[in-house]
Each structure stands twice: as C-alpha cells, then as structure tokens.
Amino acid sequence: MTTSAPLRAGWFGDFGGQFVPELLMPPLHELEEAYATIAASPAFKEELAGLMTDYVGRPTSLYRCRTLSKELGINLWLKREDLAHTGAHKINNTLGQALLTKHMGKTVLMAETGAGQHGVATATAAAMLGLECLVFMGATDVVRQAHNVRRMELLGATVHPVQSGTQTLKDAINAALRYWIAEQATTHYCIGSVVGPHPFPIIVRDFQRCIGDEMRAQFRAKIGRLPDYVVACCGGGSNAMGTFYPYIEDEGVQLVGVEAAGTGDPGCYHSATLTQGTNGVLHGTRTKLLQTEDGQILPSHSVAPGLDYPGVGPEHAWLQASGRARYECVNDVQALAAFHTLCRAEGIIPALESSHALAWVLENSASLPKGCHVAVTLSGRGDKDLGIIQEIQETQRKQA
1 MTTSAPLRAG WFGDFGGQFV PELLMPPLHE LEEAYATIAA SPAFKEELAG LMTDYVGRPT
61 SLYRCRTLSK ELGINLWLKR EDLAHTGAHK INNTLGQALL TKHMGKTVLM AETGAGQHGV
121 ATATAAAMLG LECLVFMGAT DVVRQAHNVR RMELLGATVH PVQSGTQTLK DAINAALRYW
181 IAEQATTHYC IGSVVGPHPF PIIVRDFQRC IGDEMRAQFR AKIGRLPDYV VACCGGGSNA
241 MGTFYPYIED EGVQLVGVEA AGTGDPGCYH SATLTQGTNG VLHGTRTKLL QTEDGQILPS
301 HSVAPGLDYP GVGPEHAWLQ ASGRARYECV NDVQALAAFH TLCRAEGIIP ALESSHALAW
361 VLENSASLPK GCHVAVTLSG RGDKDLGIIQ EIQETQRKQA
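Under the UniProt record's numbering, the first residue of the sequence shown carries the number 1, and numbering increases by one thereafter.
Structure below.
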C-alpha cells in the first residue's frame, strides 16, 4: 500500500487543496517555495535538529505503564510528548515554522489557538528566535485557558480575544486568516494543526513526524519490533498525523484516531468530524466537517478545548477513506475517567485531549489480544486543564 504521498500536489485523494480568497494565494505560493528550498536545505535541517535536542528536549521518552499494563493484560506504552519543552507536542511544529519565518526574512509570527498550548508554543519559539508574536484566541477559550493566556503574555506575545461566533478555535482561525491577508509582507501565519490550505497540512505533518519516527526506533530498541496498535487523539489532528505518518506503510500496525463525542447524548454538540461529519470545505481545505445539509458549520464541543474544532486535517480524511486508519469516539465522561485513572495508577497528569486516546484503550482493552503492545501518544500535560477539572467537580458536588 503506497498511501503516504499526495496523488497530486496539495491533495490527499479527494481531500485538501487551496480554497482561499485570491489575496491569500501570494503568501501561500511564497510559503510553498520557501518550504521546498529553505526547509529542505542541509543547513536548515541541522539547525532545527540541534534546537530539537538542546531546546525542546527530544527524543521524548517511551514509557511502559507498570500498573495499567498489569491490570489490563496488555502492554500499554505512552509516547511522552508532555515532557517536551512547554509541555506538549505543539513545540515541534512551532519551532520549525518559526525558524522558517526567520530564514524567510519576516519579523512577525502570528497564530491562533484553542487550548492555548499552540499559543504558548508559538510564543516560546518566537521569543527564542527574536520574532514578534500575535495570538488570536476565542473569547470563551481565553476564559477556559486563563493560565495559558498568562504564559503567552509572559513570553512577550500579544493575545487578541475573538468575540465573534462561538468564540472558540473556529472563530480564532477566521480572524487569523483575515489578519494574514492584511499583513502578509511581514507576517507568517503559524498554523498549529494539519489543517488549512496547502501547503500547511504537509508542513505541520513533517514537523510533527518526529513523534512517530522516534516511537518506531524506541520500540525496535525496547521490544525488537513495532507495536500492534498506535492510538492518538484527533481534533485538527496534528499529534495523530505526526504519530501515524511513519507507520502508514506498516500494515501490521493498526492506527486508531480517537475523536471527542461530547456528552455522548443524541443530538449533542461534539467534535467527531470523521465519524459523524460529511465532506465540505472549511478554512481553505476540503475535508470532513460538522455541517448542516446546506453547508452551514455546526457548533462543536469537547471537554478538551484542543479537540473542539468542527473540521479535521485532510490527510486524516483520506486515511479514513482509504481504510488505512480507523477513527473512534470517546465521550467527555469516559475521557475524564481516563484522566483520573492515569493520574492515580501511573503518577502522570495527562491533557484532557490525550485522555480521549487513553480512554479508548481502557474501554476496549478486553477485546484486544492478550499481551499485545499498544502505544498511546500523550500529546500534552494536564496542568492547563485543572481549572476545567475543578469546575466539573464543583458542579458534581452541588448536584449530589
């Protein structure tokens, strides 16, 4: 099976492309050219590799859960992206794009963020490389992720709360795209996931594939072969794509993406675009979306802010259509239960996003082959979510 390369530039089967206003085509063409020349040069690769080692702290560890492996009857491994600098996988991509921005001669790194992790990672990379940083964030997410907003400001970034729409990630992306049209001469738009028009899905995937590349080498060193299952949460899909990509040709490895099912009640808002969405265009790319029959984007929801997006990367839509990866759903209650389980069983506080992937394993472990090896990408640490956890616990106490 040869499914790892687009069948035509910027496309993954029927998904991808550049559905943008004419004014956005010049910076997209400029970026495509810069990525093909600057980022492909040995000097750029050497500089980025050095920063990944000395600044980010790569490779991150691959940890076998001692307690849960024994309880579940499988070998449960965690790829510890929570141990990377800034506490999430987001730094892999932002550092790559920030370095590219510097080499392109631009002075401003602009981003949007939902959970705040991408905003913190962008602000971090900008500070380290001497770039100005602007971050657009839905006003609702500014409140939910106040701790990360403070971190961005400490790192020198200017945070712009977006008041339109549902005041979440979708609206922040719209605002960022409008800003980029006006300031494209000096500004690079550092998209945080494998979404948006070509060449962003490829650029973000390539900067995140270090997750899967390291995991492959670590499994060969620890058990002498590849894992049986590779599992990752999937909102926009950057950590899942970076994890899956190096395994696409290994058909003996089952790839499982886990989406957010919201409350799980019929008719509830959720973020399960691949399992419950339909084909359409959002933010410059053709992919699977949550939309009405006449193409209006539906509100999305997840207890994990980073999964709260009504679209998904086009390469994930293609992996699903080709049958190479499968995508499952986990609801808020199941994710919260997995969050607490990992805290108490292994002494690790996971991000609520990652808790969705872990929950799928916990819910399905009885049906997995005894003794199989299951790898879960722990995309980030859960410190940022403690306010959400506290709010839920207080609500539950009042209702008891």
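Think of the CB as a built atom: it goes at the ideal place given N, C-alpha and C, for glycine as much as any other residue.
Opposing strand residues paired with residue i [DSSP bridges]
i: Cys133; result: Leu109
i: Trp318; result: Note: Trp318 sits in no beta bridge, so no partner.
i: Thr158; result: Leu134
i: Lys288; result: Asn279
i: Arg381; result: Pro350
i: Leu62; result: Lys79
i: Ile297; result: Gln291
Reference residue i, options the options, closest by Cα
i: Thr86; options: Tyr189, Pro266, Val258 and Met128; result: Met128
i: Val376; options: Ile389, Leu255, Leu386 and Gln184; result: Leu255
i: Val142; options: Gln218, Thr67, Gly387 and Thr263; result: Gly387
i: Ser41; options: Leu99, Glu315, Glu183 and Asn93; result: Leu99
i: Ala217; options: Ser61, Glu346, Tyr35 and Val135; result: Ser61
i: Met110; options: Leu154, Lys90, Leu131 and Gly96; result: Leu131
i: Pro82; options: Leu352, Gln399 and Lys370; result: Residue 82 is actually Asp in this sequence, not Pro. Comparing Cα positions, the closest option is Leu352.
i: Leu274; options: Thr263, Thr243, Glu249 and Leu307; result: Leu307
i: Arg205; options: Pro161, Phe339 and Val194; result: Val194
i: Leu155; options: Lys170, Ala182 and Ala123; result: Ala123
i: Leu319; options: Ser300, Asp385 and Thr287; result: Thr287
i: Ile203; options: Gly165, Pro314 and Gln399; result: Pro314
i: Ser355; options: His340, Gly236, Ala366 and Ser367; result: His340
i: Gly236; options: Ser367, His373 and Ser379; result: Ser379
i: Thr168; options: Ala335, Pro310, Gln276 and Val108; result: Pro310
Residue i in three-state terms, based on DSSP
i: Glu363; result: helix
i: Asn331; result: coil
i: Val376; result: strand
i: Arg344; result: helix
i: Leu386; result: helix
i: Arg326; result: strand
i: Val149; result: helix
i: Arg397; result: helix
i: Ala115; result: coil
i: Ala139; result: helix
i: Gly16; result: strand
i: Ser355; result: helix
i: Glu251; result: coil
i: Val312; result: coil
i: Asp206; result: helix
i: Tyr269; result: coil
i: Glu391; result: helix
i: Val120; result: helix
i: Gly306; result: helix
Span of the alpha helix (DSSP H), counted from its first residue to its last, around residue i
i: Asn75; result: First-last for Asn75: Asn75 to Arg80, but that is the beta strand (DSSP E), not the alpha helix (DSSP H).
i: Pro42; result: Pro42 to Leu51
i: Glu183; result: Leu169 to Glu183
i: Gly222; result: Looking at the sequence itself, residue 222 is Lys, so the reference to Gly does not match. Cys210 to Ile223 is the span of the alpha helix (DSSP H), which, as asked, contains Lys222.
i: Arg8; result: From DSSP, Arg8 is part of no alpha helix (DSSP H); its letter is neither H nor E.
i: His188; result: Unbroken run through His188 is the beta strand (DSSP E), Thr187 to Tyr189; no alpha helix (DSSP H).
i: Phe244; result: Ser238 to Phe244
i: Ala98; result: Lys90 to Met104
Cut-off 6 Å between Cβ atoms - residues of its own chain near residue i, not counting five sequence neighbours on either side
i: Phe219; result: Leu226 and Pro227
i: Ile348; result: Leu342
i: Gln97; result: Cys190
i: Phe15; result: Arg286, Thr287, Pro314, Ala317 and Trp318
i: Tyr173; result: The sequence given here has Ile at residue 173, not Tyr. Result list for Ile173: Glu112 and His283, in chain order.
i: Cys65; result: Leu76 and Glu346
i: Val149; result: Val142 and Val159
i: Ala125; result: Thr94, Leu95 and Ala98
Where the beta strand (DSSP E) containing residue i begins and where it ends
i: Glu259; result: Gln254 to Ala260
i: Thr37; result: It is not in any beta strand (DSSP E) - Thr37 instead sits in the alpha helix (DSSP H) that spans Met25 to Thr37.
i: Val231; result: Tyr229 to Cys233
Sequence-distant residues of its chain with Cβ nearer than 7 Å to residue i (five each side left out)
i: Gly284; result: Gln18, Phe19, Val20, Gly196 and Pro197
i: Leu31; result: Pro199
i: Arg151; result: Val120
i: Glu394; result: none
i: Asp171; result: Gly138, Val162, Ser164 and Gly165
i: Ser69; result: Asn75 and Leu76
i: Ala261; result: His270, Ala272, Cys329, Val330 and Asn331
Residues near residue i in its chain [Cβ-Cβ closer than 8 Å; skip 5 each side]
i: Glu214; result: Arg58, Pro59, Thr60, Leu62 and Lys79
i: Lys370; result: Gly73 and Ile74
i: Ala34; result: Leu100, His103 and Met104
i: Val253; result: Leu226, Pro227, Asp228, Tyr229, Val230 and Tyr247
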